[in-house]
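Novice: Right, I'll just put the structure down here and ask away after.
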Amino acid sequence: MSSVNKSILLVDDDQEIRELLDTYLTRAGFQVRTTPDGAGFRQAMNDAPSDLVILDVMLPDEDGFSLCRWIRQHPRQAQVPIIMLTASSDEADRVIGLELGADDYLGKPFSPRELQARIKALLRRAQFGQERSGSEVLAFDDWRLDMVSHRLFHTDGEEVILSGADFALLKLFLDHPQEILDRDTIGNATRGRDLMPLDRIVDMAVSRLRQRLRDTEKPPRLIRTVRGSGYQLAANVVASNGH
């Protein structure tokens, strides 16, 4: 996938990291904007769209978690891919970031080459979603998912904002309704990293998707846990060409 004309917005209070990534990613063909704090980041997000954002967790004015939450509620850029950077070895930071809708995370110190690989993977996934032909809508239970815009609607009119990881997991279930999906299959779809155990990544991703789908009964009704095997979408899926 070409990096040309793909824009990246980075917030990090470390000037050396900003300058390093600006130089490295610009040479790779990306259009890069950087800012040292949350206020500058919010202004930059409102000024112009970005194809991907990179959030440092620790910032002088507010943390990356609050910025992640703000992006997912943004009227125009709620679905932009998000990579979070954390200097903490605490797994809780990564869990919080993913639960708030981040698509990936990278621990400091990191290799710029590894970051570039993560960026390209997320942009490829976003591009794949945009290239789907027509205006296909998948209906299941009380929900309708627009496969082009990634917008999820309930029959009562509520729209639910999905992160890229949420969409990838929901699409996996919708592609395999009534089938039991094991943790390896789900882990690959959600791009679980070795920094956390696969079971933890998968259970967390499924739990987050259940919250989005109001599937909070005990036991869950829509995405069922099949003990010892994995998870199953207990719904029929019908494709159509519009709302």
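Sequential numbering from 304 applies to the sequence shown in the working numbering. Don't be surprised by glycine CBs; every beta carbon is placed ideally from N, CA and C. Just so it is clear, the structure is predicted and the values come from calculations on it, not from any experiment.
Does DSSP put M387 in a helix, in a strand, or in coil?
Specialist: Taking the sequence shown and counting its residues from 1, one reaches residue 387 at position 84. Looking at M387 - three-state DSSP - the assignment turns out to be strand.
Novice: State yes or no: is the C-beta of D364 nearer than 8 Å to some heavy atom of the ligand COA?
Specialist: The model on display carries no ligand, and the ligand COA is accordingly not part of it.
Novice: Quick one: what's E461 bridged to in DSSP?
Specialist: Counting from 1 along the sequence shown, the entry for residue 461 is found at position 158. In DSSP, E461 forms no bridge with anything.
Novice: Helix or strand or just coil, what does DSSP make of Q535?
Specialist: For the purposes of this step, residue 535 is taken as the residue at position 232 of the sequence shown. The answer is strand: DSSP assigns Q535 an E or B state.
Novice: By DSSP, does T519 sit in helix, in strand, or in coil?
Specialist: Taking the sequence shown and counting its residues from 1, the one referred to as residue 519 is at position 216. Coil.
Novice: Would T338 and G367 qualify as a contact pair, given that the criterion is a beta-carbon distance under 9 Å?
Specialist: In the sequence shown, counting from the first residue as 1, residue 338 sits at position 35. In the sequence shown, counting from the first residue as 1, residue 367 sits at position 64. It is not a contact, given that the beta carbons lie outside the stated cut-off.
Novice: Is P384 closer than 9 Å to G332 when the C-beta atoms are compared?
Specialist: Taking the first residue of the sequence shown as 1, we reach residue 332 at position 29. Taking the first residue of the sequence shown as 1, we reach residue 384 at position 81. Not a contact, by the Cβ cut-off of 9 Å.
Novice: Determine, using beta-carbon pairs with one atom in the segment 350–360 and one in the segment 312–319, whether at least three such pairs fall under 8 Å.
Specialist: In short, these stretches touch, since the Cβ pair count reaches three.
Novice: Looking only at DSSP bridge pairs, what is L312 linked to?
Specialist: Residue numbering aside, residue 312 sits at position 9 when the sequence shown is read from its first letter. R336, V356, per the DSSP bridge assignment.
Novice: Apart from the five residues on each side of it in sequence, which residues of its chain come closer than 6 Å, Cβ to Cβ, to F470?
Specialist: For the purposes of this step, residue 470 is identified with residue 167 of the sequence shown, where counting begins at 1. The answer, listed in chain order, is H453.
Novice: What is the DSSP secondary structure of F476, counted as helix, strand or coil?
Specialist: Translated into positions along the sequence shown, residue 476 becomes position 173. Here F476 sits in helix by DSSP.
Novice: Could you pull the DSSP bridge partners for E528 from this structure?
Specialist: One-based indexing of the sequence shown puts residue 528 at position 225. The sequence shown places Thr at residue 528, rather than the Glu named in the question. Per DSSP, Y534.
Novice: Please determine, among T329, E319, K309, A538, the residue with the shortest C-alpha to C-alpha distance to F443.
Specialist: Against the sequence shown, residue 443 aligns to sequence position 140. Measuring from the Cα of F443, the nearest candidate turns out to be A538.
Novice: Any idea if G531 is buried or exposed, counting beta-carbon neighbours within 10 angstroms, 16 or more meaning buried?
Specialist: Counting from one through the sequence shown, the residue named residue 531 turns up at place 228. G531 should be labelled exposed.
Novice: Cβ atoms of I483 and V529: under 9 Å apart, would you say?
Specialist: Stepping through the sequence shown from its first residue, residue 529 is reached at position 226. Stepping through the sequence shown from its first residue, residue 483 is reached at position 180. Yes. Within cutoff.
Novice: Considering only residues of the same chain and omitting the five flanking positions on each side of R524, which have a CB-CB separation below 8 Å?
Specialist: Here the question's residue 524 lines up with position 221 in the sequence shown. D518, A537, listed in sequence order.
Novice: Using a 10 Å radius around the Cβ and a threshold of 16 neighbouring Cβ atoms, would you call S353 buried or exposed?
Specialist: Taking the sequence shown and counting its residues from 1, one reaches residue 353 at position 50. The residue is buried, with at least 16 neighbouring Cβ atoms inside 10 Å.
Novice: What does DSSP give as the partner residues of A381 in its beta bridges?
Specialist: Sequence index remark: in the sequence shown, residue 381 carries index 78 (1-based). Paired residues: none, contrary to the question.
Novice: Going straight from the alpha carbon of W446 to that of L418, what length do you get?
Specialist: For the purposes of this step, residue 446 is identified with residue 143 of the sequence shown, where counting begins at 1. For the purposes of this step, residue 418 is identified with residue 115 of the sequence shown, where counting begins at 1. One C-alpha to the other measures close to 35 Å.
Novice: Across which residues does DSSP place R341 in a beta bridge pair?
Specialist: Your numbering for residue 341 matches position 38 in the sequence shown. Sequence inspection shows Gly at residue 341; the Arg mentioned does not correspond to that position. Beta-bridge pairing links G341 to no other residue.
Novice: Name the DSSP beta bridge partners of S466, please?
Specialist: Within the sequence shown, the letter at position 163 stands for residue 466. Paired residues: none, contrary to the question.
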